[in-house]
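Participant: Numbering (full-length UniProt numbering), first residue to last: 1 to 611.
(1) On the criterion of 16 or more Cβ atoms from any shown chain inside 10 Å, does residue 557 qualify as buried, or is it exposed?
(2) Residue 461 and residue 487 look like a contact to me (Cβ under 8 Å); what is the Cβ gap, rounded to whole Å?
(3) Please report how far the alpha carbon of residue 438 lies from the alpha carbon of residue 3, in whole angstroms.
(4) Is there contact between the stretch 87-94 and the stretch 17-24, where contact requires at least three CB pairs shorter than 8 Å?
(5) With C-beta atoms as the reference, is residue 294 less than 8 Å away from residue 321?
(6) Are residue 316 and residue 609 closer than 8 Å when you measure CB to CB?
(7) Look up residue 34 in the DSSP assignment and say whether it is helix, strand or coil.
(8) Please check the pair residue 128 and residue 100, which I expect to be a contact at CB under 8 Å, by giving their CB distance rounded to whole angstroms.
(9) In the DSSP assignment, what are the bridge partners of residue 337?
(10) Taking only three categories from DSSP, how would you classify residue 237?
(11) Quick one: measure Cβ to Cβ for residue 393 and residue 415, integer angstroms, because I've assumed they're closer than 8 Å.
(12) Report, in whole angstroms, the separation of the C-beta atoms of residue 575 and residue 532, which I expect to be a contact under 8 Å.
(13) Considering only the alpha carbon of each residue, which of 271, 517, 428, 490 lies closest to residue 475?
(14) Apart from the five residues on each side of it in sequence, which residues of its chain come closer than 6 Å, Cβ to Cβ, to residue 482?
(15) Out of 247, 197, 264, state which residue places its alpha-carbon closest to the alpha-carbon of residue 342.
(16) Based on the DSSP output, what are the partners of residue 396 in its beta bridges?
(17) Would a C-beta distance cut-off of 8 Å place residue 76 and residue 109 closer than the cut-off?
(18) Between the alpha carbons of residue 496 and residue 371, how many angstroms are there, rounded?
(19) Comparing C-alpha positions only, which one of 57, 167, 136, 29 sits nearest to residue 623?
(20) Residue 84 to residue 291, Cα distance in whole Å?
(21) Please return the same chain residues whose Cβ sits closer than 6 Å to the Cβ of residue 580, not counting the five positions on each side in sequence.
(22) Helix, strand or coil for residue 513, going by three-state DSSP, please let me know.
(23) Between the Cα of residue 308 and those of 272, 329, 352, spot the shortest distance and give me the residue it belongs to.
(24) Would you list the one or two residues that DSSP bridges to residue 165?
(25) Does the pairing of the stretch 346-360 with the stretch 267-274 give three or more beta-carbon distances under 8 Å?
(26) Going by the beta-carbon positions, is the gap between residue 261 and residue 310 smaller than 8 Å?
(27) Quick check on the DSSP output: what are the complete alpha helix (DSSP H) runs of length 4 or more inside the stretch 463-511, in order along the chain?
(28) On the CB-based measure, 16 or more other CB atoms within 10 Å of its CB, does residue 398 come out buried or exposed?
(29) For a quick check, are the C-beta atoms of residue 327 and residue 245 less than 8 Å apart?
(30) By Cβ distance, which residues of its chain are closer than 7 Å to residue 158, with the 5 residues on each side in sequence left out?
(31) Within its chain, find whatever has a CB closer than 6 Å to the CB of residue 400; leave out the 5 residues flanking it on each side and keep chain order.
(32) Please report how far the alpha carbon of residue 436 lies from the alpha carbon of residue 242, in whole angstroms.
(33) In the DSSP assignment, find the beta strand (DSSP E) that holds residue 65 and state where it starts and stops.
(34) Where do the ends of the beta strand (DSSP E) carrying residue 452 lie?
(35) Taking the alpha helix (DSSP H) that residue 298 belongs to, which residues open and close that run?
(36) Please name the residue or residues paired with residue 548 in a DSSP beta bridge.
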């Protein structure tokens, strides 16, 4: 279980108790090192660092998590360290303290920092661990591509509300039945309840939306909260984009299925009435290496509006090469499609329609929009993602709405090495976004700005309030614009279960459920929102902390706005866990940190090219 305790409304001390799952590989880090040594006998040190740096490990003796910072080949288990003034070897330490025998005395050591440490990197406490006593947490690349394994893991980790409450009650029963715990709590003057906290919640009503010919229809298909399920026979998007030229790039090993692939894509475009003036194909006859795709993209004519790139299956190296060539060098919108999916007759039709909607959104179309009466408002989102190619560097992504229906977006991504760089860059990006908004809206600025700030840990909240918010306010100085800033946190342990009046069983609350008392913080303007539905497991709420509000909105307006924003993410025809601008910002930051390792071409800033 994972626990956290804090003071909540009414000066009540509450403890959050949540079941925690961690997937750990059976092979030790030493086993993995042996495999790397066998495959790359040359520069072993660099090979080990490339394969292991940044990985999370779990120690076999006390189940604690650490992040690997480096491999130290100069230190071995036979080396000594100062333990309370006495030189002690690592072998002796683990034998006496943890009752663990180290069998390989010559293995290099792992330089690690605790994974939950929230200090700045230069201040993090470095520890040395023995690879033999550590296991990698998480999935390998091969396991990530094993769909059967992933389904088994989902079934194992997704616990139903009924089972979660059962496990909580069993834990509390054991907890209260332990005499040692009773005595310790009495010494502290503490006592805990024997049942989970009971409270009331309210549900924000579903909203009207427009999808093609359907306009302002209520979304009543609870509990799915899925726009597509209510629009099975969709004939058009809300706003159709103009696509002058589309090029479909097909590599050599898919040329035999060229006709089938193109027809499947055309069927998807036709289903949503997406018209393309000119469709061409470009065959890669030489092969399907990353360089072949790069060459093909560079050779595309300048008037190409969008390129559909077909790969045999998911392949990170090829995908990265395609995105770098198109998004960074050429400033071209691309959609990568796998032939494996499009040739599967059971899935191709639905997949082609989703691809068509995605392409339309990328080039400036509006698949659907939500009925939001608040006008002259710019809604922004911000999130960060670590750069997987350069340690210590992160990418921050800023997204801002441009129109009154919050269906057109402008974005900018920047790299930064320090926390204070985020604050400066956000205010710069906001200033640029206002210029674009003004051009888009007949030379008028918005009357209010709402910023949803994601990616903020509890330890960074003070910095966001004292530094980041102040820089944004400085950027708006002299403008009659009311600013609202909301910190969005989806990595929380709180779970809420709805009790059935019929049989007393527990189930997931419906989408739109809001909890704004009892478990919220007395000193904050905050609430929990459940915006999604799930068929398996327990739904996870999102926590909203309104740290600044010049508009003076009441709680109901904030709650309705947050829920409606969760319906506007065009990569999923339902609700997502966070407001759409946050999800767009996350998607852009992930693209930069995981695939591009650079900023996208500025000529695509007013398009959702990163979907």
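By construction, the Cβ of each residue, glycine as well, lies at the ideal position given by its N, Cα and C atoms.
Facilitator: Result, derived from the coordinates:
(1) Against the chain shown, residue 557 aligns to sequence position 557. Exposed is the call here.
(2) What you label residue 461 is simply residue 461 of the chain shown in a count that begins at 1. What you label residue 487 is simply residue 487 of the chain shown in a count that begins at 1. Sure, about 7 Å apart at Cβ, within 8 Å.
(3) To locate residue 438, count along the chain shown from 1; it is residue 438. To locate residue 3, count along the chain shown from 1; it is residue 3. The straight-line gap from Cα to Cα measures roughly 48 Å.
(4) no
(5) As a working mapping, residue 294 is identified with position 294 in the chain shown. As a working mapping, residue 321 is identified with position 321 in the chain shown. Yes, Cβ-Cβ distance for residue 294 and residue 321 is below 8 Å.
(6) Within the chain shown, residue 316 is the residue found at index 316, counting from 1. Within the chain shown, residue 609 is the residue found at index 609, counting from 1. No, these two residues do not count as a Cβ contact at 8 Å.
(7) Counted from its first residue, the chain shown places residue 34 at position 34. Reduced to three states, the DSSP call for residue 34 is helix.
(8) The residue given as residue 128 occupies position 128 in the chain shown. The residue given as residue 100 occupies position 100 in the chain shown. Between residue 100 and residue 128 the Cβ distance is about 15 Å, and since that is not below 8 Å, they are no contact.
(9) Taking the first residue of the chain shown as position 1, residue 337 is located at position 337. For residue 337, which the question treats as bridged, DSSP gives the partners 310.
(10) Walking along the chain shown from the start, residue 237 turns up at place 237. Residue state, collapsed to three classes: coil.
(11) In the chain shown, the residue the question calls residue 393 occupies position 393. In the chain shown, the residue the question calls residue 415 occupies position 415. That belief holds up - the Cβ atoms of residue 393 and residue 415 are roughly 6 Å apart, short of 8 Å.
(12) The sequence position of residue 575 within the chain shown is 575, counting from 1. The sequence position of residue 532 within the chain shown is 532, counting from 1. Indeed, because the Cβ distance is near 5 Å, the residues count as touching under 8 Å.
(13) Looking up residue 475 in the chain shown gives position 475. The candidate whose alpha carbon is nearest that of residue 475 is 428.
(14) Within the chain shown, the letter at position 482 stands for residue 482. Result list for residue 482: 448, 550, 551, in chain order.
(15) Position 342 of the chain shown, counting from 1, holds the residue named residue 342. Residue 264 is the option with its Cα nearest to residue 342.
(16) Numbered from 1 along the chain shown, position 396 holds the residue referred to as residue 396. Bridge partners of residue 396: 384, 414.
(17) Position 76 of the chain shown, counting from 1, holds the residue named residue 76. Position 109 of the chain shown, counting from 1, holds the residue named residue 109. Yes. Within cutoff.
(18) Within the chain shown, residue 496 is the residue found at index 496, counting from 1. Within the chain shown, residue 371 is the residue found at index 371, counting from 1. Cα to Cα, the separation comes out at about 28 Å.
(19) Lying before the first or after the last residue shown, residue 623 is absent from the chain, which here runs from 1 to 611.
(20) On the chain shown, position 84 is the one that residue 84 refers to. On the chain shown, position 291 is the one that residue 291 refers to. Taking the straight line from one Cα to the other gives about 57 Å.
(21) Counted from its first residue, the chain shown places residue 580 at position 580. Around residue 580: 565, 568, 569.
(22) On the chain shown, residue 513 is found 513 positions in, with the first residue counted as 1. Residue 513 falls in the strand class under three-state DSSP.
(23) Here residue 308 corresponds to residue number 308 of the chain shown, with the count starting at 1. When each option's Cα is compared against that of residue 308, the closest is 352.
(24) Here residue 165 refers to the residue found at position 165 when the chain shown is read from its first residue. Paired residue(s): none; residue 165 is not in a bridge.
(25) yes
(26) Here residue 261 refers to the residue found at position 261 when the chain shown is read from its first residue. Here residue 310 refers to the residue found at position 310 when the chain shown is read from its first residue. Yes; because the gap between Cβ atoms is below 8 Å, this pair is in contact.
(27) 469-475
(28) Taking the chain shown and counting its residues from 1, one reaches residue 398 at position 398. Burial call: buried.
(29) As a position in the chain shown, residue 327 is number 327, starting the count at 1. As a position in the chain shown, residue 245 is number 245, starting the count at 1. No, Cβ-Cβ distance for residue 327 and residue 245 is not below 8 Å.
(30) Against the chain shown, residue 158 aligns to sequence position 158. These residues qualify, in order along the chain: 536, 537.
(31) Residue mapping note: residue 400 aligns to position 400 of the chain shown, counting from 1. Only 378, 380, 410, 433 meet the Cβ criterion.
(32) Numbered from 1 along the chain shown, position 436 holds the residue referred to as residue 436. Numbered from 1 along the chain shown, position 242 holds the residue referred to as residue 242. Residue 436 and residue 242: Cα-Cα distance of roughly 21 Å.
(33) Along the chain shown, one-based indexing puts residue 65 at 65. Here the beta strand (DSSP E) through residue 65 covers 65-72.
(34) Position 452 of the chain shown holds residue 452. Segment 448-453, the beta strand (DSSP E) holding residue 452.
(35) Here residue 298 is taken as the residue at index 298 of the chain shown, counted from 1. 290-298 is the extent of the alpha helix (DSSP H) around residue 298.
(36) In the chain shown, the residue the question calls residue 548 occupies position 548. Paired residues: 485.
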